[in-house]
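Below: the structure, in structure tokens.
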Amino acid sequence: MSRHAYLAGIILLFSTLNVKSVSATSTEKDAIWHAVHNNTYRTMEELKRDKYRNPEEVLRFFDIKETSQVGEIAPGKGWYTHILAPLLKDKGKYVGLQHNPAYYGRRPELAKTLQAYPEKVKNAPELYGNNAIGSWLPSLKGLPVDEGSLDFVFITRTLHHWQNQGRLELGLKQSWQILKDKGVLAIVQHREDESYSGDRKASSDRGRWKQSDLINVVESLGFKLVASSEINANPKDTKEYEKGVWTLPPSLALKDKDKAVYTAIGESDRMTLKFVKVAL
Numbered sequence: 418m419s420r421h422a423y424l425a426g427i428i429l430l431f432s433t434l435n436v437k438s439v440s441a442t443s444t445e446k447d448a449i450w451h452a453v454h455n456n457t458y459r460t461m462e463e464l465k466r467d468k469y470r471n472p473e474e475v476l477r478f479f480d481i482k483e484t485s486q487v488g489e490i491a492p493g494k495g496w497y498t499h500i501l502a503p504l505l506k507d508k509g510k511y512v513g514l515q516h517n518p519a520y521y522g523r524r525p526e527l528a529k530t531l532q533a534y535p536e537k538v539k540n541a542p543e544l545y546g547n548n549a550i551g552s553w554l555p556s557l558k559g560l561p562v563d564e565g566s567l568d569f570v571f572i573t574r575t576l577h578h579w580q581n582q583g584r585l586e587l588g589l590k591q592s593w594q595i596l597k598d599k600g601v602l603a604i605v606q607h608r609e610d611e612s613y614s615g616d617r618k619a620s621s622d623r624g625r626w627k628q629s630d631l632i633n634v635v636e637s638l639g640f641k642l643v644a645s646s647e648i649n650a651n652p653k654d655t656k657e658y659e660k661g662v663w664t665l666p667p668s669l670a671l672k673d674k675d676k677a678v679y680t681a682i683g684e685s686d687r688m689t690l691k692f693v694k695v696a697l
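Here the sequence shown stands for residues 418 to 697, numbered as in the numbering used here.
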């Protein structure tokens, strides 16, 4: 073989390898990647929180896909909604399950906002898709969607509210009902230290749950823990703050008082738990 032929072969080999490398990189940028990193619905403020909330890793851990039917509990201002809805709108289904306005009679402005939520979803098909549903959970009349219709119920940082407001058991029971057999209950929750001496109410007043306690409660209502992750752990979070978990970002409940200290700690230490629905 001549020197020129040899060099030509080497160049061809490296060209082929380079094409394969580019192709592999393109393949890795799947629907989850685009929903998190290439998504015009996400604001700069939302993107800044990715380092604490790790949405790509969370969705992959729970195995949520673009074809999934997902109920998001307490969408709030839409941080996860702006990821989930675009991900699901073409091949899957997004179901937003806000806090029920019936529980907020003493907060009329919030109740009004929650009451309007189903119309908000209906009137924004460009974000949610044409088959999305907006409703409430717990529901006081029937179920918000068909029984056994969802692949996932996704609950982030909400179970302390359910505990405080006396709707934990009803909310989890209805979550069980709307999930398919072996459907996934996906939970991310502010974590309490196992050594904390207070009871469950004291923990939830701080915005937290002990991981062992939460697992016991959820498993008593028809679910089985199949995996846990430290994706959202934060060892800097000491958990002893004047205003509970809301002392930390993004709430910063103490405003400018020791703001630099709490900003350096970052968002809360969180457990990430994957349960499946089992027979009662």
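Beta carbons are placed, not taken as given, at the ideal position from N, Cα and C, and that holds for glycine.
Computed from a prediction, not measured in an experiment: that's the story for all the values here.
Sixteen is the threshold: since fewer than 16 other Cβ atoms of the shown chains lie within 10 Å of the Cβ of residue 523, the residue is exposed. Residues 621 of the same chain have their beta carbon placed closer than 6 Å to that of residue 581, with the five preceding and five following residues left out of the count. Here the alpha carbons of residue 651 and residue 677 stand approximately 17 Å from one another. Per the C-alpha coordinates, the member of 628, 505, 489, 465 positioned closest to residue 451 is 505.
Taking a C-beta distance under 8 Å as the contact criterion, residue 478 and residue 602 do not qualify as a contact pair. Between residue 604 and residue 572, the CB-CB gap stays under 8 Å.
With at least 16 other beta carbons inside 10 angstroms of its own, residue 624 counts as buried. The alpha-carbon of residue 497 is positioned some 17 Å away from that of residue 535. In the DSSP annotation of this structure, residue 573 is not part of any alpha helix (DSSP H); the continuous beta strand (DSSP E) holding it starts and ends at 567-573. Setting aside the 5 residues that flank it on each side, residue 638 is surrounded in the same chain by 586, 589, 590, 593, each with a C-beta closer than 8 Å to its C-beta; the list follows chain order.
Contact between residue 600 and residue 469 does not hold, since their C-beta atoms are separated by about 27 Å, which reaches or exceeds 8 Å. Spanning the alpha carbons of residue 537 and residue 664 requires a straight line of approximately 31 Å.
With respect to residue 516, residue 553 sits close: the two C-beta atoms are nearer than 8 Å. Taking the CA atoms as reference points, residue 475 sits about 27 Å from residue 531. Here the alpha carbons of residue 566 and residue 560 stand approximately 11 Å from one another. C-alpha of residue 642 to C-alpha of residue 459: approximately 31 Å in a straight line. Contact check for residue 562 against residue 513 fails: the beta carbons are separated by 8 Å or more.
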